[in-house]
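Contents: one structure, followed by commentary.
2 protein chains.
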Amino acid sequence: MKLYTFDAAPNPRRVNLFIAYKGIEIPTQQINLREGEQLGAAFRAINPRCIVPALQMDDGSVLCDGIAICWYLESLYPQRPLLGVGALQQAQVLSWDHLIFADAFVPAAEMLRNRSSAFKDRAVPGPGPVAQIPELEARGRQRLRLFWQYLDEQLKGREFVVGNTLTLADIDAFVVIDFAGWSKEQVPESCAHVHLWSARVKARLSGP
Amino acid sequence: MKLYTFDAAPNPRRVNLFIAYKGIEIPTQQINLREGEQLGAAFRAINPRCIVPALQMDDGSVLCDGIAICWYLESLYPQRPLLGVGALQQAQVLSWDHLIFADAFVPAAEMLRNRSSAFKDRAVPGPGPVAQIPELEARGRQRLRLFWQYLDEQLKGREFVVGNTLTLADIDAFVVIDFAGWSKEQVPESCAHVHLWSARVKARLSGP
Chain F
38 MKLYTFDAAP
48 NPRRVNLFIA
58 YKGIEIPTQQ
68 INLREGEQLG
78 AAFRAINPRC
88 IVPALQMDDG
98 SVLCDGIAIC
108 WYLESLYPQR
118 PLLGVGALQQ
128 AQVLSWDHLI
138 FADAFVPAAE
148 MLRNRSSAFK
158 DRAVPGPGPV
168 AQIPELEARG
178 RQRLRLFWQY
188 LDEQLKGREF
198 VVGNTLTLAD
208 IDAFVVIDFA
218 GWSKEQVPES
228 CAHVHLWSAR
238 VKARLSGP
Chain U
38 MKLYTFDAAP
48 NPRRVNLFIA
58 YKGIEIPTQQ
68 INLREGEQLG
78 AAFRAINPRC
88 IVPALQMDDG
98 SVLCDGIAIC
108 WYLESLYPQR
118 PLLGVGALQQ
128 AQVLSWDHLI
138 FADAFVPAAE
148 MLRNRSSAFK
158 DRAVPGPGPV
168 AQIPELEARG
178 RQRLRLFWQY
188 LDEQLKGREF
198 VVGNTLTLAD
208 IDAFVVIDFA
218 GWSKEQVPES
228 CAHVHLWSAR
238 VKARLSGP
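Right, here's the structure in full:
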């Protein structure tokens, strides 16, 4: 088993934090997204979707996408569970992971990829090519502001996003806040519940 | 437990097909998306995200998003499993469900919602408002064509998407093909594996 990743990128970072919190070690190889290594022939032969994280099994098959990789790793290493305990909590983590992807990761990625010349003709992850649409920067920012408000309302009176225990849903939201910062989009001060929660998550992720 | 849904819409249809295949019955209420009922005060009080499907529990809490609702229902009704058997298959279904959402449902929705006057200022599902960006119609079509090719390559030599057994991943892909048709985007004849697979899925979903 081998994890292809790139530590600086937000989707890999979610899986990295998941692995670190569980205290496990997975053989890892960096694929340098800044140099376009994910689009080269060597990695394309491993993962034709040209994205990381990608977990290669011993039979050569590849498992992509953060939620799927975390699901499989949690089954192998059940200690310090991060995907919910019991079917309802698991479903709630799946729901939040989906929501945070659709309503926060996608808008944050749209802001970055449709503005920066580094992403010319790579406005969407994967082999593409996909041309930039500059109007998506403003839409991304607008959608993130709706998401911050929603997250703030949901965190009122709660310690963590699901079940008052740290889960992948917290990691997802924590990482996307940093990612939005790459496009100078910050959670407003008025979202006090988000700021208090973020400090709790940071402490839990850096704690023993 | 009560499912809020709208049978004609693609995301609810995935859950409907899941429920029908498993042979279970869930109390259901239609929320008429064509008349904007999801944005009205009554439904907003139930689900502030203003989307269906939404599964309301007996304690009033609401579970959204197809994958989460299906996960919870599969735990209650394990017969005729559709989310994979064993952790690796489950992870593969999660991966495909995510891929099909990100690379096919989102582009198909972008084509429809950024073109039709019926979606003016509702270019993204949820309470919004989000203005249309007409260039997303062409991008959505381009991305769907990349997805058809990828799906066709992956289905070569396979009966179904995951584990050679019908899963939610097949339902997802089957539904998104119809949904793309709303914007006159069809799977090309050259994707022969997709067409053969689609006939298999249709037979299994309508069979006993």
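Each protein sequence line maps, in turn, to chains F and U.
Residues 38 to 245 (the working numbering) make up the first sequence, in order.
Residues 38 to 245 (the working numbering) make up the second sequence, in order.
Quick reminder that beta carbons are idealized off the backbone N, C-alpha and C, glycines included.
Since this is a predicted model, take the numbers as computed values, not measurements.
### Query
Leaving out five residues before and five after F/LEU188 in sequence, what residues of the same chain have Cβ atoms less than 7 Å from its Cβ?
ALA210 and VAL231
### Query
Is F/ILE104 near F/ALA91, with beta carbons less than 8 Å apart?
no
### Query
Can you list the residues of chain F that U/ASP102 reaches, using a CB-CB cut of under 8 Å?
LEU131, SER132, HIS135 and LEU136
### Query
When the Cα atoms are used, what is the spatial distance from U/GLY123 to F/ILE88?
25 Å
### Query
Nearest to F/THR65 by alpha carbon, out of F/LEU40, F/ALA155 and F/PHE138?
F/LEU40
### Query
Taking the continuous alpha helix (DSSP H) assigned at F/LEU54, which residues delimit it?
47-59
### Query
If you draw a straight line from the C-alpha of U/GLN169 to the C-alpha of F/PHE142, how long is it?
20 Å
### Task
Kindly list the residues whose CB is nearer than 8 Å to the CB of F/ASP44, restricted to its own chain and excluding five residues on each side of it in sequence; keep chain order.
ARG50, ASN53 and GLN67
### Message
Given this structure, state the Cα-to-Cα distance separating F/GLN223 from F/ASP215, to the nearest angstrom.
### Response
8 Å
### Message
Would F/ARG81 pass as an interface residue toward chain A - the criterion being a Cβ-Cβ separation below 8 Å?
### Response
No chain A appears in the structure shown, which is made up of the protein chains F and U.
### Query
Between the stretch 141-157 of chain U and the stretch 189-206 of chain U, do at least 3 Cβ pairs fall closer than 8 Å?
no
### Message
If contact is defined by three or more beta carbon pairs under 8 Å, each pair taking one atom from either stretch, is the stretch 196-206 of chain U in contact with the stretch 126-146 of chain U?
### Response
yes
### Task
Using 10 angstroms around the beta-carbon of F/GLY115, count the other beta-carbons present and answer buried if the total reaches 16, otherwise exposed.
Rather than Gly, the amino acid found at residue 115 of chain F in this sequence is Pro. It is exposed - the Cβ of F/PRO115 has fewer than 16 other Cβ atoms within 10 Å.
### Query
Should U/PHE80 and U/GLU74 be called a contact, given that it needs their Cβ atoms to be closer than 8 Å?
yes
### Query
Alpha carbon to alpha carbon, how far is U/CYS101 from U/PRO47?
14 Å
### Query
Roughly how many whole angstroms lie between the Cα atoms of U/TRP133 and U/ARG86?
24 Å
### Query
At a Cβ cut of 8 Å, what residues of the stretch 171-203 of chain U count as close to chain F, listed as they run along the chain?
GLU172, LEU173, ARG176, GLN179, ARG180, LEU183, TYR187 and GLU190
### Message
Taking 8 Å as the threshold (beta carbon to beta carbon), is F/VAL167 in contact with chain U?
### Response
yes
#### Entry: Span separating the alpha-carbon of U/ILE61 from that of U/PHE138
25 Å
### Query
Is F/TYR109 helix, strand or coil by DSSP?
helix
### Query
In angstroms, rounded to a whole number, what distance separates the CA positions of U/THR204 and U/GLY121?
7 Å
#### Entry: DSSP-derived helix/strand/coil call for U/VAL130
helix
### Message
Is there a Cβ of chain U sitting closer than 8 Å to that of F/GLN127, yes or no?
### Response
yes
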